[in-house]
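Trainee:
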Amino acid sequence: MVEDKTFRSRLFHIVNVTVLGLIALVTVLPFLHVIAASFTTSAELASKRFVLFPTVWSLDAYRYIFSTDTIMKAMMISVLVTVGGTLWSMLMSTLTGYGLSRKDLVGRRYIMFFIIFTMLFNGGMIPTFIVVQQTGLMNSLLALIIPVSINAFNMIILKSFFQNLPAGLEESAKIDGAGDFAILFRIVIPCSLPAIATISLFYAVTYWNTYMHAILYLSDSSKWPIQVLLRQIVVLATGLNYDGAEYTDVPPPEITVKMATIVVATLPVLAVYPFLQKYFAKGALLGSVKG
Amino acid sequence: MEPKLAVEEAPLTKQQRRNELWRAVKKNKWIYFMILPGIIYFIIYKYVPMYGLIIAFKDYKPYMGISGSEWVGLAHFQRLFTSSEFWMILKNTLWLFGLQLLIFFPIPIILSLMLNELRSQFYKRSVQTLIYIPHFMSWVVIVSISFVMLTMDGGIINGMLEALGFEKINFLMNESTFRPMYILQVIWREAGWGTIIYLAAIAAVDPSLYEAARMDGASRFRQMWHITLPSIRSVIIVLLILKIGDVLELGFEHVYLLLNASNRHVGEIFDTYVYTAGLRQGQFSYSTAIGFFKGAVGLVLVIFANWLAKKAGEEGVY
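Protein chains in written order, with UniProt numbering: chain A, 1 to 291; chain B, 1 to 318.
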């Protein structure tokens, strides 16, 4: 490859590298600031106005939030919803996605249209709310899972992946007399682990981040997942509460406590990010393959 | 999938075809069994709510149920279109949509063109890894981080403003800062992630095109303009169509989390209004009418945008 070495192109390259570096820095700076700020005292935060490196280190904020079990409980609920929801959604999506990947399935095109149409149009918040109510899920953690069992987009990614597996795999198993379920669980799934991992992680992140369904369907504050609690702690007693939810009459938490709560709520996602990152780019692209 | 066996009177060819069909269905009976739970899910939680949209034309009373409630025709729509709130919400929605389209939409394209020019693969991957992170954070986390940085008491941004001799700004409860804050958060969360699809399209461009261009002495800028951009044109158009279809999907969570009494006048959009009017104030039918209007407009727009793209010789989405 011949590189052009004119002054202009070199200048462009330097500017490009610098600007992209700055963009990457600005993107993560708020996270780093919040993490650093959660490990100091409010006084330090108020006086020095540091960005990344506090001079006084302190675990007070973490001591405060772990002095009650409120946050731990909300974290446990989020973990429960994330693990349970991911398993359930993967089961549903894999079964449906595999079924629809079979080209000899009569009516396959109609069923696909039936599913894709829900991506274009839906009943909206209130009718869905009524259905959730009627199916007896109100104020149950299942309300965060069952009404979103299958994400059509994720299911279609799985389906395209299954469809692109070599046909010979299934053929030979069929000749050996294996049934459809045996083929799915013993051959198709073991051969699709990258796709299964990607979609599981997509579901897990969605469940961990769930907020809207929690405020819609859970009225009992002891069932709140961490996202709802985080929201309450950050805006607590600031007069910014728009939703009119009930607040306990404790004094507003210090800003470092808010920072620490953000860190705790974010930590699980940051912890899986390296694993996530290995797969997601590929997964996101699989989605662009037309169903 | 009911068996259709009682077709003796039908002409033979037709019956044969039915038998054939039935055999094909029967052969895959376990496959139908597999997709059954999925189908039931879509019926109950996607199609029944669509049926539930009829309460937009009724006076829904929870104890009467969806079908038992009384019809009121277009009364709710009439109320919606004549209320002053409607125009405020429409204006706010269009504002945020305009910002998404004009400011946010081009950013991932520019970013991916810039990333593509990087020569060091390690540097490129590192930048990508960092700019994808916010996409995986919930809106609660994004808004919370903005909150603790922008707040008047102890936030770093106001601290800096003060140190530089400026007045503190109440970013969080201010009409004029709402829209910039909204779009900056969208950019922060989604711009990096948005590059994935463009980078893949760029990677698929035939390298011999660049070689030929270089032979002709084309600079990197010219190559970008005459080769890379035209090559990813159809991807850009597809994403533009999808974006237009999302005109009214501006993110309930995001906007709801930003809203408060002081910025409501510029911040209230259809989704948040449906929530407040419907679930907080219990006007189920009225807010369903609002949601219905929103969904229908979205559907029409995406079909229109798709038609337009096809007319312009592009592939379109459907």
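Where a beta carbon is used, it is the ideal one built from N, C-alpha and C, also for glycine.
Considering only the beta carbon of each residue, do T266/A and M149/B sit closer than 8 Å?
Mentor: Contact: no.
Trainee: Would you mind telling me which residues of chain A sit closer than 7 Å to Y192/B, beta carbon to beta carbon, in chain order?
Mentor: For the record, residue 192/B in the displayed sequence is Gly; it is not Tyr. Result: T27.
Trainee: Give me the Cβ distance between L20/A and M114/B, rounded to the nearest whole Å; I'm assuming they're in contact under 8 Å.
Mentor: About 6 Å separates the two Cβ atoms, so the contact holds.
Trainee: Cβ of V272/A within 8 Å of Cβ of L201/A?
Mentor: In contact: V272/A and L201/A (Cβ atoms closer than 8 Å).
Trainee: Using beta carbons (cut-off 8 Å, strictly below), is P194/A in contact with chain B?
Mentor: Judged by the 8 Å Cβ criterion, P194/A is not in contact with chain B.
Trainee: Measuring straight from C-alpha to C-alpha, what distance separates F117/A and I133/B?
Mentor: Cα-Cα distance, rounded: 31 Å.
Trainee: Apart from the five residues just before and just after Q163/A, which ones in its own chain have a Cβ nearer than 6 Å to its Cβ?
Mentor: Answer for Q163/A: S101, listed in chain order.
Trainee: Within 8 Å of any Cβ in chain A, is that where the Cβ of K310/B sits?
Mentor: It does not: the Cβ of K310/B has no partner Cβ on chain A nearer than 8 Å.
Trainee: Quick one: is residue 311/A near chain B, going by C-beta distance under 8 Å?
Mentor: Within the shown structure, residues of chain A are numbered from 1 to 291, placing residue 311/A beyond reach of any answer.
Trainee: Going by C-alpha to C-alpha distance, which of N151/A, S47/A and T68/A sits closest to G85/A?
Mentor: Taking only the C-alpha atoms, the option nearest G85/A is N151/A.
Trainee: Taking C-alpha atoms, which residue in F31/A, A24/A, V234/A and L276/A lies nearest to residue 342/A?
Mentor: In this structure chain A extends from 1 to 291, so residue 342/A is not present and cannot be described.
Trainee: CA-CA distance, L165/A and F122/B?
Mentor: Between L165/A and F122/B, the C-alpha separation is close to 31 Å.
Trainee: Under DSSP, the alpha helix (DSSP H) around F178/B begins and ends at which residues?
Mentor: Its alpha helix (DSSP H) spans residues E175 to A203.
Trainee: Of all the alpha helix (DSSP H) runs that stay within the bounds of the segment 89-153 of chain A, which reach a length of 4 or more residues?
Mentor: Within the segment 89-153 of chain A, the complete alpha helix (DSSP H) runs of at least 4 residues are 108-120 and 125-134.
Trainee: With DSSP as the reference, label K58/B as helix, strand or coil.
Mentor: Three-state DSSP puts K58/B in a strand.
Trainee: Excluding the five sequence neighbours on either side, which residues of its own chain have a C-beta within less than 6 Å of the C-beta of G244/A, listed in chain order?
Mentor: The predicted model places G244/A with a pLDDT of 44, which falls under 50 and marks its position as unreliable, so this point remains unresolved.
Trainee: Between A309/B and L299/B, what straight-line distance do the alpha-carbon atoms span, to the nearest angstrom?
Mentor: One C-alpha to the other measures close to 16 Å.
Trainee: So what's E85/B in DSSP terms, helix, strand or just coil?
Mentor: If DSSP states are grouped into helix, strand and coil, E85/B belongs with the helices.
Trainee: Quick one: list the residues of chain B neighbouring Q227/A, beta-carbon separation under 7 Å, in chain order.
Mentor: Within chain B, the residues near Q227/A are S138 and V140.
Trainee: Could you please tell me which residues of the segment 100-129 of chain B, in chain order, have their CB closer than 9 Å to any CB of chain A?
Mentor: Those residues of the segment 100-129 of chain B that come within reach of chain A (Cβ to Cβ, closer than 9 Å) are L111, M114, L115, E117, L118, R119, S120, Y123, K124, S126, V127, Q128 and T129.
Trainee: Do we get a CB-CB distance below 8 Å when we pair V188/A with the residues of chain B?
Mentor: For V188/A, the answer is no, since every Cβ of chain B falls outside 8 Å of its Cβ.
Trainee: Please tell me whether N306/B has its Cβ less than 8 Å away from any Cβ of chain A.
Mentor: It does not; no Cβ of chain A falls within 8 Å.
Trainee: Span of the alpha helix (DSSP H) holding G21/A?
Mentor: Where G21/A is concerned, the enclosing alpha helix (DSSP H) stretches over F7 to S38.
Trainee: Check the DSSP bridge columns for W71/B and list the partner residues they point to.
Mentor: In DSSP, W71/B forms a bridge with K58/B.
Trainee: Step through the CB atoms of chain A and report whether any lies within less than 8 Å of the CB of N28/B.
Mentor: True, the Cβ-Cβ gap to chain A drops below 8 Å.
Trainee: Counting only the same chain and skipping the five closest in sequence on each side, list residues whose C-beta sits under 8 Å from that of H213/A.
Mentor: Correct list, in chain order: A143, L144, P147 and V148.
Trainee: What in chain A is Cβ-close to E85/B, meaning under 9 Å?
Mentor: In chain order: nothing, as chain A lies at least about 16 Å away.
Trainee: Take F147/B as the anchor and find which of H254/B, K26/B, A24/B and G68/B has the nearest alpha-carbon.
Mentor: Selected option, being the one with the closest Cα: H254/B.
Trainee: Quick one: what's got a C-beta closer than 6 Å to L240/A's C-beta in the same chain, skipping five residues either side?
Mentor: Below a pLDDT of 50, predicted positions are generally treated as unreliable, and L240/A, at 42, falls in that range; the measurement from the model is reported next regardless. Same-chain partners within the cutoff: there are none.
Trainee: Looking at chain B, is there any beta carbon in it that lies within less than 8 Å of the beta carbon of Y64/A?
Mentor: No, Y64/A does not count as interfacial toward chain B.
Trainee: Under a CB-based cut-off of 8 Å, is R10/A close to chain B?
Mentor: So, not an interface residue.
Trainee: Any idea what DSSP makes of M224/B, helix, strand or coil?
Mentor: Reduced to three states, the DSSP call for M224/B is helix.
Trainee: Counting C-beta neighbours from all protein chains within 10 Å, is the total for E246/A 16 or more, i.e. buried, or is it exposed?
Mentor: Any reading at E246/A must be qualified, since the residue scores a pLDDT of 46, below 50, and its modelled position is unreliable; the value itself is stated next. Looking at its Cβ environment, which holds fewer than 16 other Cβ atoms inside 10 Å, E246/A is exposed.
Trainee: Between R8/A, L25/A and E254/A, which lies nearest to Q128/B when the distance is taken from Cα to Cα?
Mentor: Ranking the options by Cα distance to Q128/B, first place goes to L25/A.
Trainee: Can you name, in chain order, every residue of its own chain whose Cβ lies under 8 Å from the Cβ of K94/A, other than the five neighbours on each side?
Mentor: It is Thr, not Lys, that sits at residue 94/A in the sequence shown. If we look at T94/A and ignore the five residues flanking it on each side, its Cβ neighbours are L158, L184, I189 and I196.
Trainee: Say whether chain B places a C-beta atom closer than 8 Å to the C-beta of G244/A.
Mentor: The pLDDT assigned to G244/A is 44, lower than 50, so where the model puts this residue is not dependable; a value taken from the coordinates is nonetheless given after this. Yes - at least one Cβ of chain B is within 8 Å of the one on G244/A.
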